[in-house]
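Read through the structure below, which is laid out as structure tokens, and then see the notes.
Numbering (this note's numbering), first residue to last: 462 to 591.
The following block contains the structure:
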């Protein structure tokens, strides 16, 4: 299972801190026969290792083909609203998008799925800081 926990540092809607710390996200998803693999872009190897998340050493910004291949090889991608979740949906691969309380317009309101990406399920933060 691939995971991403923060967006681009300059993005207004998805702060660098994301909506979930990687260790908290890993703890919620860990269990059974699950291997967590980081799809997070940027220099996050130490952060991933501290949370027990495998770092494939992929340059998610510079190697879009490699990123797409890794996404396609996984059973599920769990990510905040960033380019990874959009690429996953565009590829038709299954994903859970973790959305902030005040999600971007493209995710609509009051629904758990999206017309843009039928393979992506939406999970919304119920309250800021939740």
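Even for Gly, the Cβ is constructed at its ideal location relative to N, Cα and C.
query: With a CB to CB cut of under 6 Å and the five nearest residues on each side skipped, what residues in its chain are close to residue 585?
result: If we look at residue 585 and ignore the five residues flanking it on each side, its Cβ neighbours are 560.
- prompt: How should residue 538 be labelled, buried or exposed, when 16 other C-beta atoms within 10 angstroms of its C-beta is the threshold for buried?
  reply: Answer is buried; the Cβ neighbour count reaches 16.
task: Would you mind sorting residue 573 into buried or exposed? The rule is 16 or more other CB atoms within 10 Å of its CB.
output: Answer is exposed; the Cβ neighbour count stays below 16.
- request: Assuming residue 497 and residue 515 form a contact by the criterion Cβ under 8 Å, report the distance between their Cβ atoms to the nearest whole angstrom.
  value: Right, the Cβ-Cβ distance comes to about 6 Å (below 8 Å), so this counts as a contact.
query: Should the segment 550-560 be called in touch with the segment 521-536, which here means at least 3 C-beta pairs below 8 Å?
result: Segments in contact, yes.
message: Looking at the secondary structure, which residues open and close the beta strand (DSSP E) in which residue 510 lies?
response: It is not in any beta strand (DSSP E) - residue 510 instead sits in the alpha helix (DSSP H) that spans 506-511.
- request: Pull up the CB-CB distance for residue 540 and residue 583, whole angstroms please, since I reckon it's below 8 Å.
  value: About 12 Å separates the two Cβ atoms, so there is no contact after all.
task: Could you name the residues of the same chain whose beta carbon sits closer than 8 Å to that of residue 590, not counting the 5 residues immediately before and after it, in chain order?
output: A distance below 8 Å between beta-carbons, with the five flanking residues on each side excluded, links residue 590 to no residue of its chain.
- prompt: By Cβ distance, which residues of its chain are closer than 8 Å to residue 556, with the 5 residues on each side in sequence left out?
  reply: Its chain contains 537, 538, 539, 540, 546, 549, 550, 578, 580, 581 and 582 as the residues whose beta carbon lies nearer than 8 Å to that of residue 556, once the 5 sequence neighbours on both sides are disregarded; these appear in chain order.
- request: Scan the segment 547-589 and note each continuous beta strand (DSSP E) run of 3 residues or more that stays entirely inside, going in chain order.
  value: DSSP runs (the beta strand (DSSP E)) wholly in the segment 547-589: 556-560 and 581-585.
message: Within a Cβ cutoff of 8 Å, which residues of the same chain sit near residue 525, ignoring the five residues on either side of it in sequence?
response: The answer, listed in chain order, is 548.
- prompt: So what's residue 533 in DSSP terms, helix, strand or just coil?
  reply: Looking at residue 533 - three-state DSSP - the assignment turns out to be helix.
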